[in-house]
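Just below is one structure, and these are the notes that go with it.
Residue numbers (my numbering): 1333 to 1597.
Right, dumping it as structure tokens:
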């Protein structure tokens, strides 16, 4: 080695240094968060017995006497997710095609779609519901629109990424024989994209079942509004019966979705 040459640092040492710096930064961030929020972990641990005692005293045993009157709202919660997921899945395919770099060569259109989707996707579903309640008032329309907007942002990005992956690796043969862009999409992309479309759509449906129940908390309809009403009226046992029903609904949805996924795919 010459006098003017500097010794090279092995790549493994550079990786270790980066790893240590990242861990140090994350540790410092966590510690700073505790100090900034003035949170004592011991206080959090000490609060759990009180929370358990409160639930045991006020929420149990659950009261299912009015369960028959809950059925319409439970079905409304389920159908919120069905309608919102179906509409979003169709709209998101179109915008996914416009957003995918490997499919849409027009950069201004692609960037405009990406901007719109990013804006919609980064607004939480509860914020959408709260805004829409002020526009349309309390009702089912608000819940469906909020779910559609939230699901649209999530699915469009997921679909676009899947389309880019497919177009980059599995459509070369069609391009080589001179297939048009329409032929690439119809005969190449869509058949390859179908399994991913099913998976992402069913996954979104599971998310929407949970989200549709939460939307009721801001007056967007569904079973959530009844849970909120019972809690405000201190009818905790009735609220607990609805929470248990909601948990069972979510579990049954996951079971059915897994069955559907196995049958279709």
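Every residue, glycine too, gets a C-beta built ideally from N, C-alpha and C.
On a predicted model such as this, the values are computed, not experimentally measured, just so you know.
Residue i lies in the alpha helix (DSSP H); which residues open and close that run?
i	result
residue 1538	1522 to 1547
residue 1565	From DSSP, residue 1565 is part of no alpha helix (DSSP H); its letter is neither H nor E.
residue 1432	Per DSSP, residue 1432 belongs to no alpha helix (DSSP H) and is neither H nor E.
residue 1397	Where residue 1397 is concerned, there is no enclosing alpha helix (DSSP H), given that its DSSP letter is neither H nor E.
residue 1440	1439 to 1453
Does DSSP classify residue i as helix, strand or coil?
i	result
residue 1370	coil
residue 1467	helix
residue 1404	helix
residue 1456	coil
Could you check if residue i is buried or exposed, using at least 16 other CB atoms within 10 Å of its CB as the buried criterion?
i	result
residue 1382	exposed
residue 1329	The shown model of the chain, from 1333 to 1597, leaves out residue 1329, and the question about it has no answer.
residue 1469	exposed
residue 1450	exposed
residue 1401	exposed
residue 1482	buried
residue 1568	buried
residue 1457	buried
residue 1499	buried
residue 1397	exposed
residue 1323	Residue 1323 cannot be examined here, being either before or after the span of the chain that is shown, 1333 to 1597.
residue 1543	buried
residue 1537	buried
residue 1491	buried
residue 1485	buried
residue 1471	exposed
residue 1540	buried
Kindly examine the ligand ZN and report whether one of its heavy atoms sits closer than 7 Å to the Cβ of residue i.
i	result
residue 1497	Here there are no bound small molecules, and the ligand ZN is not part of this structure.
### Task
Any chance you could list the alpha helix (DSSP H) runs of at least 4 consecutive residues sitting entirely within the stretch 1466 to 1498, in chain order?
Under the rule that a run must span 4 or more residues, no alpha helix (DSSP H) segment is found entirely inside the stretch 1466 to 1498.
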